[in-house]
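Residue numbers (this note's numbering), protein chains in the order written: chain A, 1 to 76; chain B, 77 to 152. Worksheet for the structure shown next.
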C-alpha cells in the first residue's frame with residue numbers, strides 16, 4: 001500500500017524556509033506571490049496489513065512534530 | 077489562488093533522507109515498511125491572474141531541480 005504523508009507547519013508558526021522561497025521568487029521577477037509555506041511530503045510503501053492506528057503512530061512519533069506541524073495521510 | 081507544488085525525487089535517484097526515515101521507523105519497531113521517499117510540499121498563495129506558464133517557470137527556475145526532481149502542481 002502506498003501512502004503519502006503531507007506535513008505542514010501550523011498556521012501562525014514562523015516559516016523561514018517559506019520566507020526565503022518567497023523572497024527568491026520576487027528576486028527572480030515573479031510578481032503576485034502573496035505567501036509561501038514550505039512543508040514536507042513523505043511517501044511510504046507499507047504492508048497492506050498496516051492499520052490506520054499504526055500509520056498515525058508513525059506520524060506522531062517520527063514524521064511530524066505535532067507541536068508545530070499538522071499532518072495529513074493520503075492512501076494512493 | 078492557492079497552489080500546492082509537490083516536489084519528489086525522480087525514480088532511481090538516491091534518497092538518503094528517505095533511507096534515514098526508513099531506518100528510524102524500523103528502529104521504533106514499525107514493521108512492514110518497504111520503502112520511504114522524502115519530498116517537498118510548497119504551498120503558494122498567488123494572484124489569480126498568474127498563468128500556468130508562470131507557475132511552470134517558478135518550478136523550473138527555483139522550486140524544483142529538474143535534473144533530479146519531478147514536480148506536480150495542484151490548484152486548491
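Beta carbons are placed, not taken as given, at the ideal position from N, Cα and C, and that holds for glycine. These figures come from a predicted structure and were not determined experimentally.
Terminal residues of the alpha helix (DSSP H) in which residue 88 of chain B lies: First-last for residue 88 of chain B: undefined, no H or E at that position.
Three-state class that DSSP yields for residue 138 of chain B in the structure shown: helix
As assigned by DSSP and simplified to three states, the class of residue 117 of chain B: In the structure shown, residue 117 of chain B sits in a strand (DSSP, three-state: E or B).
Limits of the alpha helix (DSSP H) - the one that residue 18 of chain A falls within: According to the DSSP assignment, residue 18 of chain A belongs to the alpha helix (DSSP H) that extends over 16-27.
Residue 90 of chain B at chain A interface by Cβ criterion, 9 angstroms: no
Proximity test, residue 75 of chain A beta-carbon vs the ligand FAD heavy atom, cut-off 8 angstroms: Inclusion of the ligand FAD in the displayed structure is not the case, the ligand content being empty and no account of it being possible.
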